Amino acid sequence: MRPVRFSLARVGLIAGNTVREAARQRLFNLFVVLALMLVLGARWFRDFSFGAPELRFLADCGFGAMAFFGSALTITATAQLFFSEIENRTALTLLAKPVWRAEFIVGKLVGVAGLTLLFCGLLTVLLAAVLWTREGALMQEFPDNFAQGRVVSYAMVAGAGAMQWLKLLILGALVLLVASFAQTQTFAIVTGFLVLVICHLQHLALAAYERSGSLFGMTASAAIAWMFPNFQVFAWADSLAAADFPGWGQVARVVSYGLGYVGLGTALAVFCFRKREI
Amino acid sequence: MATPGATEAPAKVPAVEIRGLVKDFAIGLRGVKLRAVDHLDLTVEAGQVFGLLGPNGSGKSTTVKLLLGLLEPTAGQCRVFGVSSLRVEARREVGYLPEAPYFYRHLSGRELVHFYARLCGESGTGLGKRIADVIALVGLAEAADRRVGTYSKGMLQRIGLAQALVHDPRLLILDEPTAGVDPVGSAEMAALIGRLKAQGKTILITSHLLGQIEDICDRVAILDRGRLMVEGAVADLVNRAGRQSLVVEEMPPGELAALRAWMEARGRKLLAVEPAGRRLEQVFLEQVGRGKGEGETRP
């Protein structure tokens with residue numbers, strides 16, 4: 007009997023179908039439009055920047071929109087795309103084919119990765135275009151401030167966009183892990199937002215517990231630090247100047263850290279889903 | 016459509032073999048057990064059309080899911096052409112049409128069949144033709160490029176059958192294939208099943224519509240509350256041994272009395288005289304001009 011091996015081709019098929027399904031949903035289009043409006047609109051409400059440099063403010067707005075709407079999109083789309091397969095029973099037909107359950111889970115995650123890549127890519131390109139245009143205008147208006155040429159490194163903008171995408175990929179893997187054992191979509195979405203908050207604030211909890219000095223505090227902080235990724239490590243766009251590039255070693259560490267959590271989340275999702283009754 | 020697999024299978028290996036199958040579901044927080052399938056033993060030989068019958072909740076769909084590896088048995092085992100149903104390999108030879116199928120609404124019928132064909136490992140230059148052939152076989156050629164979201168219930172059943180057939184499986188599992196389909200669609204489905212049987216496919220059908228099953232199945236098993244109540248050839252189960260029906264044109268009472276006397280003189284007994292009935296389904300099909308065997312495709 008010829009064995010059926012894990013197939014990247016089948017993963018690609020499931021992922022492609024997931025992206026196509028998501029891209030045709032109103033939710034995705036709504037988040038994209040809202041995020042685009044925020045990036046484009048930032049140019050007109052820069053007076054509320056409380057003195058921060060204008061280009062910095064534009065970048066903050068762009069990456070803020072990417073993080074906020076991207077997180078909401080990732081959580082809702084991941085849960086919805088997973089549960090639509092279960093509730094509409096399309097998973098029945100799919101898993102009745104010679105398809106491994108691991109291929110289904112990985113395919114879903116790759117599909118979400120494709121969706122968020124589309125989202126982050128679109129916003130990063132738009133943000134770069136807004137920054138480039140505005141920077142050009144400022145160079146003409148205040149030539150003395152740009153004596154050394156452009157101050158924004160567009161490679162840094164692209165890198166910051168890639169880091170946002172990696173963060174969303176981790177979030178997608180964690181939501182998929184929850185969905186793999188959750189009974190309802192609502193539970194998966196609510197838990198997803200809770201996980202998002204914990205991941206953003208875990209460094210504060212960690213610091214607080216470490217300051218406490220107690221054994222319990224230290225143990226709890228270590229547990230939280232291992233269980234939930236620290237999303238602050240992906241915020242490397244504090245400066246967009248080329249001189250502030252953190253170095254390839256640091257980039258490699260952050261990417262490894264992120265991919266480690268993606269791998270762990272996916273592996274646990276596969277484990278939880280392997281015997282789920284469809 | 017070729018069925019090379021049908022001749023390659025060792026002659027003695029049944030298409031489906033179920034032994035001592037038990038499935039319990041835990042209900043509620045206290046985990047109270049509900050037994051959906053209760054020590055079921057069944058064998059479906061290759062090339063048969065086998066009907067799995069029973070009322071709602073009798074365990075038919077659960078048995079099918081166990082066969083497809085979508086559920087794990089509490090006890091016992093299922094084998095498909097000798098391979099445990101828990102193995103992915105067992106599903107290579109199976110085409111499955113789920114009950115009340117729901118497919119990706121954003122795909123066209125052709126894209127949907129292509130998607131499932133690729134999942135089954137089908138590829139190459141002949142794939143397009145193969146997809147067109149199965150779509151034509153189920154009578155959806157004209158609607159193949161329409162979105163599945165616009166399909167009627169009957170059309171969903173047909174495209175479901177197309178995706179089940181596209182990788183040329185040896186075993187077809189059809190879960191309530193005519194549920195919610197009008198009599199014309201049901202008759203067409205029955206005709207299609209007949210053609211697939213002629214091609215050597217093994218077909219396992221679950222249904223609670225007994226009239227339809229009686230016409231197309233070689234053997235049936237009746238389940239109730241997860242238990243096998245009876246199993247056998249349809250002819251053996253429905254025919255009353257030692258009796259025959261003769262259908263003749265209406266006879267005047269005198270001739271009927273003479274016939275009765277003629278039979279009694281030969282030691283035979285005329286047990287009943289009643290009008291020859293027709294099934295309502297037959298009347299319906301005649302009235303809408305689509306008797307069985309004709310009009311196998313719908314616009």
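Residue numbers (my numbering), protein chains in the order written: chain V, 7 to 284; chain W, 16 to 314.
Ideal placement from N, C-alpha and C gives every residue a C-beta, glycine not left out.
Treat the numbers as computed from the prediction; the structure is a model and nothing was measured.
Distance between beta carbons of residue j and residue i, contact taken as under 8 Å
| i | j | result |
| --- | --- | --- |
| LEU127(W) | VAL163(W) | 6 Å |
| SER227(V) | LEU246(V) | That belief does not hold up - the Cβ atoms of SER227(V) and LEU246(V) are roughly 33 Å apart, past 8 Å. |
| GLU104(W) | MET7(V) | 6 Å |
| ARG107(V) | PHE279(V) | 5 Å |
| ILE208(W) | LEU83(W) | Actually they are not in contact, since the Cβ atoms of ILE208(W) and LEU83(W) sit about 19 Å apart, beyond 8 Å. |
| MET116(V) | ALA21(V) | In the sequence as displayed, the identity of residue 116(V) is Val instead of Met. Their Cβ separation, rounded to whole angstroms, is 4 Å, which keeps VAL116(V) and ALA21(V) in contact under 8 Å. |
| GLY169(W) | ASP197(W) | 7 Å |
| ALA65(V) | SER159(V) | Actually they do not touch by this definition, with Cβ atoms about 11 Å apart. |
| ALA158(W) | GLY124(W) | 6 Å |
| VAL64(W) | ILE220(W) | 7 Å |
| ARG185(W) | GLU60(W) | About 12 Å separates the two Cβ atoms, so there is no contact after all. |
Chain-order list of residues whose beta-carbon lies under 7 Å from that of residue i (same chain, five-residue window excluded)
| i | result |
| --- | --- |
| VAL38(V) | PHE125 and LEU128 |
| LYS38(W) | ALA51, VAL52, THR77, LEU81, LEU86, PRO88 and THR89 |
| ALA156(W) | ILE150 |
| GLY223(V) | TYR215 |
| THR312(W) | With a pLDDT of only 39 at THR312(W), under the threshold of 50, the placement of this residue in the model should not be trusted, and no figure is reported. |
| ALA179(W) | GLY110, TYR111, LEU112 and LEU187 |
| PHE199(V) | ILE81 |
| LEU132(V) | LEU42 and VAL45 |
Inter-residue Cα distance where the pair is residue i and residue j
| i | j | result |
| --- | --- | --- |
| GLY266(V) | LEU183(V) | 14 Å |
| ARG400(W) | ARG173(W) | Chain W is shown only over 16 to 314; residue 400(W) falls outside these bounds and no answer can be derived. |
| VAL181(V) | ALA119(V) | 12 Å |
| TRP232(V) | SER262(V) | 14 Å |
| THR99(V) | PRO59(V) | 55 Å |
| GLY70(V) | CYS135(W) | 43 Å |
| GLY141(W) | VAL79(W) | 31 Å |
| LEU123(V) | LEU67(W) | 48 Å |
| GLY253(V) | ARG133(W) | 43 Å |
| ARG145(W) | VAL181(W) | 7 Å |
| VAL28(W) | LEU243(W) | 22 Å |
| MET162(V) | VAL136(V) | 15 Å |
| PHE110(V) | VAL262(W) | 58 Å |
| LYS103(V) | LEU172(V) | 32 Å |
| ALA97(V) | MET43(V) | 36 Å |
| GLU147(V) | GLY47(V) | 21 Å |
| VAL105(V) | PHE118(W) | 17 Å |
| LEU19(V) | GLY113(V) | 7 Å |
| ARG121(V) | SER167(W) | Here the sequence assigns Leu to residue 121(V), which means Arg is not the residue at that position. Their backbone Cα atoms lie some 31 Å apart in a straight line. |
| LEU210(V) | MET169(V) | 21 Å |
| THR139(V) | VAL45(V) | 13 Å |
| VAL268(V) | ILE231(W) | 51 Å |
| PHE130(W) | GLU91(V) | 15 Å |
| ARG340(W) | GLU264(W) | For chain W, the structure presents residues 16 to 314; residue 340(W) sits outside this window and is missing. |
| ALA177(W) | ALA83(V) | 30 Å |
For residue i, the residue or residues it bridges with in DSSP
| i | result |
| --- | --- |
| LYS93(W) | Before going on, a small fix: residue 93(W) reads as Cys here, not Lys. Per DSSP, ILE33(W). |
| ILE218(W) | VAL64(W) and LEU187(W) |
| LEU42(W) | Here residue 42(W) turns out to be Ile, not Leu, going by the sequence shown. VAL47(W). |
| TYR111(W) | ILE188(W) |
| GLY169(W) | In DSSP, GLY169(W) forms no bridge with anything. |
| LEU238(W) | LEU243(W) |
| VAL98(W) | VAL95(W) |
| SER123(W) | ARG162(W) |
| THR58(W) | GLU32(W) |
| VAL149(W) | According to DSSP, VAL149(W) bridges with nothing at all. |
| ALA248(W) | ARG234(W) |
| VAL52(W) | LYS38(W) |
Own chain, CB closer than 6 Å to residue i, minus 5 neighbours either side, in chain order
| i | result |
| --- | --- |
| PRO116(W) | LEU171 and GLY175 |
| ALA185(V) | ALA85, PHE88 and ALA194 |
| MET145(V) | PHE152 |
| VAL25(V) | GLY117, GLY120 and LEU121 |
| CYS93(W) | ILE33, LEU81, LEU82 and SER100 |
| VAL239(V) | VAL260 |
| ARG282(V) | none |
| LEU122(W) | VAL163 |
| ASN236(V) | GLN208 and HIS209 |
Residues of its chain near residue i, where Cβ-Cβ distance is below 8 Å and the 5 sequence neighbours each way are ignored
| i | result |
| --- | --- |
| GLU246(W) | LEU57, ARG234, VAL235, ALA236 and ILE237 |
| LEU274(W) | MET266 and LEU285 |
| ASP239(W) | GLY69, PRO70 and SER73 |
| GLU137(W) | ARG145, VAL181 and HIS182 |
| LEU252(W) | VAL235 and VAL245 |
Which ranges would you report for the alpha helix (DSSP H) in the stretch 116–180 of chain V if only whole runs of at least 4 residues count?
none
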